[in-house]
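Everything on this sheet refers to the single structure shown next.
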Amino acid sequence: MTLAEIELDISTASDPDRRAAFERMLADIRHEYRDRIAPIGESEALAYLTIHKRLKSSGTPSTRRTL
């Protein structure tokens, strides 16, 4: 789920240059750790989505925005 949270933060970065730099860094990280990133299935993705929606609707951020 960490990759999903990082992707979400990157997608909300307002500065396009900064967003592009973070996207490149994440691509490098994915490549470097490709054998350590566990694939998730539909049920895990849906569970994450459910948690994210609940947190958002309650006003609690699911991640700490630092970008």
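My numbering applies: residue 22 is where the sequence shown begins, and numbers increase by one. Heads up, the beta-carbon is just placed ideally off N, CA and C, and yes, glycines get one too.
In this structure, R51 lies near I58, with their beta-carbon atoms less than 8 Å apart.
For D56, no alpha helix (DSSP H) encloses it, and the DSSP letter there is neither H nor E. One Cα belongs to A34, the other to L24, and the distance between them is close to 16 Å. It is roughly 16 Å from the alpha-carbon of F43 to the alpha-carbon of Y54. Put simply, the backbone Cα of G80 is about 12 Å away from that of I72.
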